[in-house]
Every structure is written in structure tokens, then in C-alpha cells.
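This report concerns only the one structure given below.
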Amino acid sequence: GYSVNTIHGRMKLESRIEAESIFKNEKQVLVATEAAGEGINLQFCHLMINYDIPWNPNRLEQRMGRIHRYGQNKEVFIFNLVAADTREGRVINRLFEKLQEIKKALGSDKVFDVINEIIYGKNLSQLLYEAAASARDIEQIISEIDIKVDEEYISKVKASLGESLASRFIDYTRIKEMADKAREFKLIPEYTEAFFKKAFLLLEGKYRERKDGFLAIDRIPYELKIIAEEDSFRRKYGKLLNRYPKITFDKDIAFKNPDAEFISFDHPLFESILEYISRNFNSDLRNGTVFIDPSNKLNGYILIYEGEIRDGLGKTVGKKLFTIFTNNNEVKSVSPTILWDLAYGKTLGDTIDVKGLEGKVIGNVISLMENYKIEKHDERIKNAKIKEKYGIKSLEYLIVKLDGDIIRLFTRKENGELVDLPIRNKELQ
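Using UniProt numbering, read the sequence shown as starting at 1 and increasing by one per residue.
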């Protein structure tokens, strides 16, 4: 039979993320309730069976979005099981037939990403409720989604997709600057891999070089398991699995191979190794090491600090490395990437006065941290203003829309239709 894992509503988010990782690396099938509709990424999976179709189209969009998302490199197949002999089943069945018709005319399956946007003026959830409650004639309900798919309609769909799938308020210049900066400071995968291999062998761990270029780990060293079982570690990084059959340290390669596990910072395997090194070799780390500057421009000491900004709730707002160079004449801030331009040198026998050096540079570090704090504060204020501005607009739009829906329902009630339940639902919204 098939090996199976589960996700359900009684599981905390951390447990769901663990279940996602187990499904990716160890199991063949994931059986899940609506709890898997948000917060997990399943782009390594390309088959989905919806056994129970949600009446809210947004929930269905979220379900399909778990596998039909950025990073998916296979053709996605989604099977929706519908009880066609029920009133609501007939409506759902007709809806999917219509969506397929629109998809064919549009030439894109993005139609499934915004189901609720393409059936103009129709509340699909309400139609399904009315069908199930026998509040209206079933043929009348079906006729409401039996839209004529012509050129005019497809033009409207394209416009709707454009607005639903892209934000009109994105600062593209700012995004490009951030992307360029991220590329500049991106950790080189070869360095991450080299560190991992050395540290893993130090723990007497073993890895296999696969024929396809990936690594495989069949057993996790005991020392790492002990660290990974600590509550604080699990809450922060998730569960460490017993084996990883296919891993890579290159994010681009992981993106092209969704079945491969991307190992880097924040991954439980990598973080458990970092924690082990920190606990057992902290004194060596504080003694530092020696580098040679091939350009002969630097002759002094480099101190690296990790700065962290937290908000009033204790939540981390940002982290940043601050690198300070000092010699007998100056103290200045340099980029952490300066280490990439240096070569390893022989360790000297001289004892370094670390405390004396820290006293010399700490003022600069505090000043840099203050500037970073202001930067993160301004960033938060800007984001809050954007959310306030467009959040109010969205609420105003929803209020107007709900008022219109209620007026139309009262008109139908005056014509003799049984719509008391839909009216009550709208008023509660």
C-alpha cells in the first residue's frame, strides 16, 4: 500500500509544517482536512483529490493554491469529487464545466486562481446555500452561472485576472533595489555546503553523493537528535527528520527540483549543526582566526556583531550583521562580504585582547544599531499607512457591496422567494 501522512485542525501550525516536511521526504500520500488549505507549501506535489468540495470558492482557491504555486514545475492534476445527484452537487458540477469552458477560451488555467472574481455579480457561496436549502428553484440557480462565454466576457475576465493577480500599489523600483541587494549579499551555496560537510564529518556523520549530483543522508548523528528534541529548538525550527534522501544547498537547484530538500539557515538540520558547533567550540570561535589580505590594504582586526531589533511584543523585526575593522589608527564599518576577498592564514600564537578591541569599537556598533532601528521603524510606519489607506478603501467597498446584496434579497423576498436565511447571513456580515 501507500505510505500516508495527515494534517488536521487539531494540529498546531508547527506540527502542520512538520507534517509537510515528512510528506515531502518520507511519505507518498497526504490526507488532510481544510487545515492544510493555508500556511503550508506543497509545490513538490502535483496531484490533488478534493473529496469534499467547500462551498466557499475562496477556500477552494486556497486548496488548489497549495500545489498550483510558484515553484511548481510539473503539470498539475486536480480531481474534484462531486455528488452530482444532489442539488448543490449539480450547481458545483455546472460551475466546473463553466470554468473549463472559460479556461479553454482564455488559454490559461489562472482562471482557477480567482474563481470568485470571474462569475460577475454572483455570490457562489450563497447560490450553494440556496440550492442545499431548497430556497429557490434549482434550474434558476444553475441558470445564474450558465454564462455566455464570448469575446466581451473573456475581455472582462482578463481585466479581472489582471487586477486580482497583481497589485496596483507595488513600488517596483524599491523591489528591484531589494532584489539587487539580496543578490549582492546572497550566501554562496558552495560555502554553505563546504561548512556543512566539514561539520557533519566532525560529528562522524555520513552522507552519500548521488548520481544526479544531490546528497543523501540516511542517518542523523545522535548529538544532533538530542539538540533537535529540545522544545525551544523544535518551536523555532521544526522537526528534524531521521533521514533526508535528496538534499541541495543551492536555492535555484531546489526551486527546479521541488522533491529536493533545501538545506540552509533556518532548516532544522543546518541549525542543529550550528547549535552543536556553538556549544562545543565557542571558546575557539571567540579566539578568532587569521586571514591574509592579498591586496595588502588591511592590517588589523575585524569584529562581527549580530544586531537584532525587537518590537514591544518581543517579536523580532529584523536582524543584521555589523562588521567593524579596526587598527591602531581607525575604526570603520565594512561589509561582511569582505571575508570573501581574504585568504586563510596561519594561526598566530599571540593572545588577542578581545575585550580591549570590543571596548574600542562598541560605540560604532551602537551607532549602527540606532540607524538600523530607525530604518526598521520608518519601514513599519510606511507599511502601516499603506494598510490603513487601502484597508479602509476595501472596507468601504465591502459595506457598499453588502448593502446592495441585502437590497436585492429584500426585493426577491417581496416577490415571494424564501430568502430569510440569506438575508440574516448578510446582515451578520
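A virtual CB, placed ideally from N, CA and C, is assigned to each residue, including glycine.
Every value quoted in this text rests on a predicted model; they were computed, and no experiment measured them.
Three-state secondary structure assigned by DSSP to residue i
i: Val-354; result: helix
i: Ile-277; result: helix
i: Arg-208; result: strand
i: Ile-40; result: coil
i: Asn-5; result: strand
i: Arg-310; result: strand
i: Glu-230; result: coil
i: Ile-67; result: coil
i: Thr-316; result: strand
i: Ile-292; result: strand
i: Thr-411; result: helix
i: Arg-10; result: coil
i: Val-361; result: helix
i: Ile-220; result: coil
From the options, residue whose alpha carbon lies closest to that of residue i
i: Tyr-222; options: Leu-215, Ile-302 and Leu-240; result: Leu-240
i: residue 431; options: Asp-231, Lys-413, Asp-341 and Pro-245; result: Residue 431 is absent from the model: the chain starts at 1 and stops at 429.
i: Lys-103; options: Tyr-153, Thr-86, Glu-139 and Ala-84; result: Tyr-153
i: Phe-77; options: Arg-94, Arg-412, Arg-310 and Asn-50; result: Asn-50
i: Ser-21; options: Gly-37, Thr-33 and Leu-42; result: Leu-42
i: Tyr-276; options: Leu-202, Asn-328 and Lys-256; result: Leu-202
i: Phe-195; options: Ile-273, Asp-259 and Tyr-344; result: Ile-273
i: Phe-23; options: Glu-417, Ile-338 and Ala-260; result: Ala-260
i: Arg-10; options: Ile-381, Ala-36 and Phe-214; result: Ala-36
i: Leu-418; options: Glu-14, Ala-135, Arg-63 and Leu-224; result: Ala-135
i: Asp-52; options: Ile-138, Asn-93, His-46 and Ile-374; result: Asn-93
i: Tyr-191; options: Ile-352, Asp-250 and Lys-211; result: Asp-250
i: Ala-216; options: Asn-25, Ser-283 and Arg-63; result: Asn-25
i: Phe-44; options: Glu-34, Leu-30 and Pro-54; result: Leu-30
i: Leu-224; options: Val-4, Ala-199, His-46 and Pro-245; result: Ala-199
Interface flag, residue i vs chain D, CB-CB below 9 angstroms
i: Gly-307; result: The question asks about chain D, but that chain is absent: this structure has only one protein chain.
Sub-9 angstroms separation of residue i and residue j beta-carbons
i: Tyr-305; j: Thr-289; result: no
i: Arg-69; j: Met-48; result: no
i: Phe-270; j: Ser-264; result: yes
i: Arg-318; j: Glu-330; result: At residue 318 the sequence reads Gly, which differs from the Arg that was named. Contact flag unset, no.
i: Leu-60; j: Glu-88; result: no
i: Ile-220; j: Arg-243; result: yes
i: Thr-326; j: Leu-357; result: yes
i: Pro-336; j: Thr-248; result: no
i: Ala-84; j: Val-149; result: no
i: Pro-258; j: Lys-74; result: yes
Run of the beta strand (DSSP E) containing residue i, from where it starts to where it stops
i: Phe-195; result: Unbroken run through Phe-195 is the alpha helix (DSSP H), 189-202; no beta strand (DSSP E).
i: Ile-49; result: 47-50
i: Ile-247; result: 244-248
i: Ile-263; result: First-last for Ile-263: undefined, no H or E at that position.
i: Ile-217; result: 215-217
i: Ala-32; result: 29-32
Run of the alpha helix (DSSP H) containing residue i, from where it starts to where it stops
i: Asn-328; result: Element bounds for Asn-328: n/a, residue is neither H nor E.
i: Ala-19; result: 13-25
i: Asn-287; result: 282-287
i: Glu-417; result: First-last for Glu-417: undefined, no H or E at that position.
i: Phe-79; result: Unbroken run through Phe-79 is the beta strand (DSSP E), 77-80; no alpha helix (DSSP H).
i: Ala-83; result: No alpha helix (DSSP H) holds Ala-83; DSSP gives it neither H nor E.
Q. Within the chosen definition, does the stretch 143-153 reach the stretch 91-108 through at least 3 CB pairs nearer than 8 angstroms?
A. Contact between the stretch 143-153 and the stretch 91-108 is present, because at least three Cβ pairs lie under 8 angstroms.
Q. Quick check: the stretch 191-208 against the stretch 226-238, are there 3 or more CB pairs under 8 angstroms?
A. Not touching, per the Cβ criterion.
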